[in-house]
Amino acid sequence: MGRKLAVLWAVLLVGLAFPASAPAFAQEGERGATLRVGLQQQFDSLNPFLGYTLASTEVFRLIYPTLTNYSQHDFSPVPELAESWEPSPDKLTWTFHIRPGVTWSDGAPVTARDAAYTFNRMMTDPAAGTANGNFVENFETVTAPDDRTLVIRTRTPQATMLAIDAPIVPEHVWSKIGDVAGFPNDQEPVVGSGPFTLTEYQPEQYLTLRANKQFWRGPAKIDELRFVNFKNSDAAVQALRKGEIDVVQKLTPAQFDALKGEQDITQVKGQGRRFYELILNPGAANSTGARIGTGHPALTDVRVRRAIDQAIDHQALVDRVLGGYGQVGGGYLPPIFSDYHWTPPQPRRFDIAAANRALDEAGYARGADGIRRTPQGEPLNFDFVLHGDESADAQVGEFVKQWLGELGIAVELQPVSDNQLNDRTTAGDFDMVISGWSANPDPDYVLRLQTCGARPSPDGGGNVDTYLCDKQYDDAYARQLGEFDPTARRAAVQQVQERFYDQAAGLILYYQNSLEAYRSDRFSGFTMQPANEGVITGQQGYWGYYGAQPTELARSDASGGDYGTAALVLGGVVVLAGVVVVLVVFRRRATADNRE
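Numbered by mature numbering (1 follows the signal peptide of the UniProt record, and there is no 0), the letters in the sequence shown go through residues -26 to -1, 1 to 570 in order.
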């Protein structure tokens, strides 16, 4: 009996470490190729109406269609599900002509009615507008006169009509989902029509996509795409070196430098789409204006927020945290989007003495313990919420804690998981928190995050960043949204950023370069976006993975490699609980909720 149990354990462990790969869509005579990508961020949700982290939105672009796409060359709008379009003379009605012959992965045709259903659901169901509600906020009606014609009428002219990259879902599937907020969408088959379809998901371990043989552009050259979760980038880098994964993203500068010259590994350094931001809670409130969360009252004073920014040495963070792989922050939009990037003409330069004088003048006197107090006597003790698995957050936290200590402000560092950080941010449960977004080529999405309209209703929802609610900002935001002249719109977007900088609710610390590496002995031909200084992962579209070309070595490894070990050993922690579950039920665990 003991021998049989030992054999059973061995078999189960091997089965967990080396799961059988899904059938491949390879050409006859070829063996399958699996591209394995190391991922250090959790999927906040696989529901395209809810998920908004970079990890989730990247998967949505691989599974679901959008009306238009962004060119892999220069981010310009290009046709996708909509093959052409035209606006009315007054710019209030837009007619999109849907591409014929596109099908969902279950064989049903993709029609204009699917797009109309998606947008109407976002307009009428608050939960369905959680992630992308800003795209439809100005829509008046969305109709589908026939299967190939989508008509969108807006209340006011909207300059972002070619930048609506909200995932479109199949009506015949989602119309049966009554509660969008409670639907995880993580059980296969997940019906999509993009270049890949979801075949397997183990929360916090891995997610597997299979190439869609019926994709209208033609099938990808790889058969499977697998995202393998790691607790930290060190574990991901070691897996790359061992050949257990093929692509690693979000490398630290030290890791990137250490990979230089390594055999069969190619480095990729590109301009990033992300800004790295320190949010100072300006007085979080919901859409009715009622205060929520736990923000410190001193941070509602813009003078305090500006003084904190003046006490942070942005250049030192670029040099010492990024190792020089980045640019000093200032304006809201990263330099990669040169049309809209803005640099403050009179930046708040690092000056501890000036910041101390500003707090003295504002009435925040130091107590006997050296900690400043509000005029009402409350000490300036701030909690600082960080991503617990990001080394950059830990370093930034220590620097900021030291600098603010020189101002008489006490800081408590609170590292938490990605999902906990997201939950606390959206609940206003913080004084200071690290944030960051990947901006789109059209800036409207991230600009809208700072408006009063982005705040949650009393029942929740919303898609907010800093909880800034400022009439001047909102007025400038509305002007840019309705401006179709490119030059005038650029000027309007700069005015929005100028007001955001002035209010100092979100301090843009820096724009980090995107540092990646891949196994060149297994894959080549990655399509970079943009063509100059572009990257493979985190793109606006699916180009990087869709264009990957496997080598003979990758094609000969039909099993997809040792991804099971990488999935199980997350930063050195073996997930033995999975073995126990298998012993009990002999099947993959299903998860009802992806959030922590």
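Note that beta-carbon positions come from the ideal geometry of N, C-alpha and C, so glycine has one too.
Endpoints, beta strand (DSSP E) assigned at residue i
i, result
"P389", "384 to 390"
"M502", "Here M502 belongs to no beta strand (DSSP E), and DSSP marks it neither H nor E."
"S488", "488 to 493"
"W68", "67 to 72"
"R200", "198 to 203"
"H361", "355 to 361"
"V295", "Careful: V295 lies outside any beta strand (DSSP E) and carries neither H nor E."
"G12", "8 to 13"
Cα-Cα separation between residue i and residue j, rounded to whole angstroms
i, j, result
"V390", "F356", "16 Å"
"V202", "D363", "16 Å"
"N260", "D139", "26 Å"
"G436", "V164", "26 Å"
"G244", "L9", "21 Å"
"F228", "T77", "A small fix is needed here, since residue 228 is Ala in this sequence, not Phe. Rounded to the nearest angstrom, the two C-alpha atoms are 45 Å apart."
"F(-9)", "Q223", "Since pLDDT at F(-9) reaches only 35, below the 50 mark, its modelled position is unreliable, and no value is offered."
"N43", "F189", "15 Å"
"Q1", "G235", "With a pLDDT of 37 at Q1, under the threshold of 50, the modelled position of that residue is not reliable, and no figure is offered here."
"D405", "N255", "5 Å"
"T240", "D120", "49 Å"
"P131", "H315", "24 Å"
"L28", "S412", "7 Å"
"I151", "A101", "12 Å"
"L66", "T134", "12 Å"
"W68", "E60", "6 Å"
"R200", "V154", "26 Å"
"V276", "E145", "47 Å"
"D392", "S365", "13 Å"
"G341", "V374", "21 Å"
"A478", "Q469", "15 Å"
"L209", "T182", "Position check: residue 209 holds Ala in this sequence, whereas Leu was assumed. When rounded, the distance between both Cα atoms is 20 Å."
"P318", "W517", "34 Å"
Outcome for residue i when other beta-carbon atoms lying within 10 angstroms are tallied against a minimum of 16
i, result
"G433", "Here residue 433 turns out to be Asp, not Gly, going by the sequence shown. The residue is exposed, with fewer than 16 neighbouring Cβ atoms inside 10 Å."
"G3", "Note that G3 has pLDDT 32, beneath the 50 cutoff, so the model's placement of it is unreliable and the number below is only indicative. With fewer than 16 Cβ atoms within 10 Å of its Cβ, G3 is classed as exposed."
"A450", "buried"
"D88", "buried"
"E251", "buried"
"V52", "exposed"
"N330", "buried"
"G499", "exposed"
"G535", "Any answer about G535 is weak, because its pLDDT of 45 lies below 50 and its placement is not dependable; what the coordinates show is given next. By the 10 Å Cβ count, G535 comes out buried."
"A(-3)", "With a pLDDT of 33 at A(-3), under the threshold of 50, the predicted position of this residue should be treated as unreliable, and no value is reported."
"L496", "Rather than Leu, the amino acid found at residue 496 in this sequence is Arg. Classification of R496: buried, given that the 10 Å Cβ count is 16 or more."
"D231", "exposed"
"T98", "exposed"
"S149", "exposed"
"N506", "exposed"
"E218", "buried"
"T207", "According to the sequence shown, residue 207 is Ser rather than Thr. That one is buried."
"E162", "exposed"
"S79", "buried"
Residue j beta carbon less than 8 Å from that of residue i
i, j, result
"residue 599", "V211", "Given that the chain is displayed from residue -26 to residue 570, the structure contains no residue 599 and the question cannot be resolved."
"A258", "Y475", "no"
"D418", "L455", "yes"
"V302", "V292", "yes"
"L354", "A452", "no"
"L55", "I142", "yes"
"N414", "Q503", "no"
"I196", "P460", "no"
"R280", "A332", "yes"
"F324", "I286", "yes"
"T104", "F17", "no"
"V407", "V438", "no"
"I345", "G382", "yes"
Unbroken alpha helix (DSSP H) run spanning residue i, endpoints
i, result
"I253", "No alpha helix (DSSP H) contains I253, which is instead part of the beta strand (DSSP E) from 248 to 254."
"S530", "526 to 530"
"E372", "365 to 379"
"A450", "445 to 455"
"F474", "460 to 477"
"M96", "86 to 98"
"V302", "Counting along the chain, V302 falls outside any alpha helix (DSSP H), though it belongs to the beta strand (DSSP E) covering 300 to 302."
"S207", "207 to 216"
Residue-level contact to chain C via CB, residue i, 8 Å cutoff
i, result
"F373", "Of the protein chains in the structure, only one exists, and it is not chain C."
Any non-hydrogen atom of the ligand GDP within 7 Å of residue i CB
i, result
"R73", "What this structure holds is no ligand at all, so the ligand GDP is not there to describe."
### Message
For the pair the region 159 to 173 and the region 31 to 45, tell me if three or more CB-CB distances fall below 8 Å.
### Response
Segments in contact, yes.
### Query
Would you call the region 214 to 233 and the region 289 to 304 in contact, with 3 or more CB pairs under 8 Å?
They touch, by the three-pair rule.
#### Entry: Segment contact, 8 Å Cβ cut-off, at least three pairs: the region 89 to 96 with the region 108 to 123
By the C-beta criterion, the region 89 to 96 is judged to be in contact with the region 108 to 123, since at least 3 inter-stretch pairs fall below 8 Å.
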